[in-house]
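Novice: Take this structure, written in structure tokens, and hold onto it; I'll ask about it next.
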Amino acid sequence: MSEKSILVVNNGAYLTLHYRLATLDGEDIISTFHESPATLLLGQGQLAPSLEDALLGLEEGSHTTQELAPEQAFGLRNPDLIQRVSLKTLRENSAFGEEFKVGDLIDFSAPSGGKFAGVIQELDAESALFDFNHPLAGQRVLFETKIIGIL
206 MSEKSILVVN NGAYLTLHYR LATLDGEDII STFHESPATL LLGQGQLAPS LEDALLGLEE
266 GSHTTQELAP EQAFGLRNPD LIQRVSLKTL RENSAFGEEF KVGDLIDFSA PSGGKFAGVI
326 QELDAESALF DFNHPLAGQR VLFETKIIGI L
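Dropping the structure here:
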């Protein structure tokens, strides 16, 4: 009689899973546990590389919760990503007549055609101080996963 081999997550694996990212106090950031499970091909950038790394070696059928350090999740806060942007530049790159306030998340187009976003920290008559760090940078998070299937 042959034993069924245990499948484990490796690079290039096609997965069906439920996952949840949460703050340390348990507040959901994102969760698929109350919806259809997610399917993804590991190594294709469908999840952040550090989250994909946290899946490596998990067995099919496993249900785990890992506490991820900032370096494993959304990175450390980078003070170089806090920058002033002139209101002239801000108005030129936003919808006509848009009003801005502290706490707003604003999307920008980069000269290369990419997109990035920042949160307004301060506003004055000439400029806005933006934080371009990911909102969860510098924070520890919980990463809960239930591996349903591995191909």
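Note that our numbering numbers the sequence shown so that position 77 is 282, with each residue one more than the last. Idealized CB from N, CA, C, for every residue including glycine.
Could you tell me whether the segment 340-349 touches the segment 265-282, using the rule of 3 or more Cβ pairs below 8 angstroms?
Specialist: yes
Novice: Which whole-angstrom value is the C-beta distance of E297 and I211, which I expect to be below 8 angstroms?
Specialist: By one-based count along the sequence shown, residue 297 stands at place 92. By one-based count along the sequence shown, residue 211 stands at place 6. Not confirmed; about 57 angstroms, so no contact.
Novice: Let me make sure I understand the geometry here. Which of G319, S317 and L334 has the alpha-carbon closest to that of I325?
Specialist: Looking up residue 325 in the sequence shown gives position 120. Residue L334 is the option with its Cα nearest to I325.
Novice: Return the chain-ordered list of same chain residues with a C-beta closer than 6 angstroms to the C-beta of A259, the five sequence neighbours on each side being excluded.
Specialist: By 1-based counting over the sequence shown, the position of residue 259 is 54. Only Q271 and F348 meet the Cβ criterion.
Novice: May I ask you to list the residues that DSSP assigns as paired with K351?
Specialist: As a first step, residue 351 is located in the sequence shown; it is residue number 146 there, counting from the start. According to DSSP, which records beta bridges pairwise, K351 is partnered with H223 and H268.
Novice: Among residues of its own chain, excluding the 5 on either side of G266, which ones have a beta-carbon nearer than 7 angstroms to its beta-carbon?
Specialist: Within the sequence shown, residue 266 is the residue found at index 61, counting from 1. Apart from the 5 residues on each side of it in sequence, G266 sits with its Cβ closer than 7 angstroms to the Cβ of I352 in its chain, given in chain order.
Novice: Using 8 angstroms as the threshold, is the segment 247-258 in touch with the segment 305-322, meaning 3 or more CB pairs across them?
Specialist: no
Novice: Is there a Cβ from chain B that is less than 8 angstroms from the Cβ of D336?
Specialist: Absent from the structure: chain B. Only one protein chain is present.
Novice: Three-state secondary structure (DSSP) at L310?
Specialist: The count along the sequence shown starts at 1 and reaches residue 310 at position 105. Looking at L310 - three-state DSSP - the assignment turns out to be strand.
Novice: If you check the beta carbons only, do D233 and L286 fall under 8 angstroms apart?
Specialist: Position 28 of the sequence shown holds residue 233. Position 81 of the sequence shown holds residue 286. Cβ distance not < 8 angstroms, so D233 and L286 don't count as in contact.
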